[in-house]
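Peer 1: Structure provided below as structure tokens; questions to follow.
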């Protein structure tokens, strides 16, 4: 009788364990850390594995948005080509929303003397994957970017440039940096 009871309890535990494991959602901090590690290693495929197919990345400061896995992949490939590095510090988790502080470096910001860029990133999760995030630079980082852009743009005598013009100028600097890197690699 005692052996039968032990076997029944053991069977219940064995049958219940997989259901318990399946019910656990992936840890958002671990997911973000794994994405960080993948990007720092230059592994875009591994980084993309943590995103939903319809994820959205908002870079509102520059007036830019990457919609869907394909656009995010292209952006990540550009970052990795520029020797992108990121450090992520998770600050708060509230349900499916994670707020983190990020510190990033990339060749063109190093060359312009404005690295690192420090920002807040607000991630949203869906079914254990990143459904998107918004990049919000600190006031200090925003000022550094605007100072560099102002120095590289001609004076018009008019009002300050709309943000989309600033984003285009920084985008041009990114492209020039990428072309320079490509030309150096061909030599």
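In this note's numbering, the protein residues as written are 328 to 514. Note that beta-carbon positions come from the ideal geometry of N, C-alpha and C, so glycine has one too.
Quick one: using the 10 Å Cβ neighbour count with 16 as the cut-off for buried, is residue 371 buried or exposed?
Peer 2: Translated into positions along the chain shown, residue 371 becomes position 44. It counts as buried.
Peer 1: Taking the alpha-carbon positions, what's the residue 440 to residue 427 distance?
Peer 2: As a working mapping, residue 440 is identified with position 113 in the chain shown. As a working mapping, residue 427 is identified with position 100 in the chain shown. Computed Cα separation, rounded: 24 angstroms.
Peer 1: For the structure I just gave you, are there three or more beta carbon pairs, one from the segment 399-418 and one from the segment 465-483, closer than 8 angstroms?
Peer 2: No: fewer than three Cβ pairs fall under 8 angstroms.
Peer 1: Would you kindly report the start and end of the unbroken beta strand (DSSP E) that includes residue 420?
Peer 2: Sequence index remark: in the chain shown, residue 420 carries index 93 (1-based). From DSSP, the beta strand (DSSP E) with residue 420 extends over 412-421.
Peer 1: Got a sec: is the Cβ-Cβ distance from residue 440 to anything in chain C below 7 angstroms?
Peer 2: Judged by its chain identifiers, the structure shown contains no chain C, having just a single protein chain.
Peer 1: With three or more C-beta pairs closer than 8 angstroms as the rule, is the segment 410-421 touching the segment 390-397?
Peer 2: No contact exists between the segment 390-397 and the segment 410-421.
Peer 1: Output the residue ranges of the beta strand (DSSP E) runs that lie fully inside the segment 393-464 and measure 3 residues or longer, sorted by chain position.
Peer 2: Those beta strand (DSSP E) runs which fall completely within the segment 393-464 and span 3+ residues are 412-421, 424-432, 444-453, 456-464.
Peer 1: Quick one: Cα of residue 418 to Cα of residue 425, how far?
Peer 2: One-based indexing of the chain shown puts residue 418 at position 91. One-based indexing of the chain shown puts residue 425 at position 98. Those two C-alpha atoms are separated by around 8 angstroms.
Peer 1: Cα-Cα, which of 361, 452, 448 is closest to residue 380?
Peer 2: Along the chain shown, read from residue 1 onward, the residue named residue 380 stands at position 53. Looking at the Cα atoms, 452 is the closest of the given residues.
Peer 1: Which residue or residues does DSSP assign as beta-bridge partners of residue 391?
Peer 2: What you label residue 391 is simply residue 64 of the chain shown in a count that begins at 1. Partner(s): 386.
Peer 1: Alpha carbon to alpha carbon, how far is residue 434 from residue 390? Give it in angstroms, no decimals.
Peer 2: Taking the chain shown and counting its residues from 1, the one referred to as residue 390 is at position 63. Taking the chain shown and counting its residues from 1, the one referred to as residue 434 is at position 107. In a straight line, the C-alpha of residue 390 is about 22 angstroms away from that of residue 434.
Peer 1: Taking the C-alpha atoms as reference points, what is the distance between residue 348 and residue 445?
Peer 2: For the purposes of this step, residue 348 is taken as the residue at position 21 of the chain shown. For the purposes of this step, residue 445 is taken as the residue at position 118 of the chain shown. Reliability fails at residue 348, whose pLDDT of 47 lies under 50, so the model's placement of it is uncertain and no value is given.
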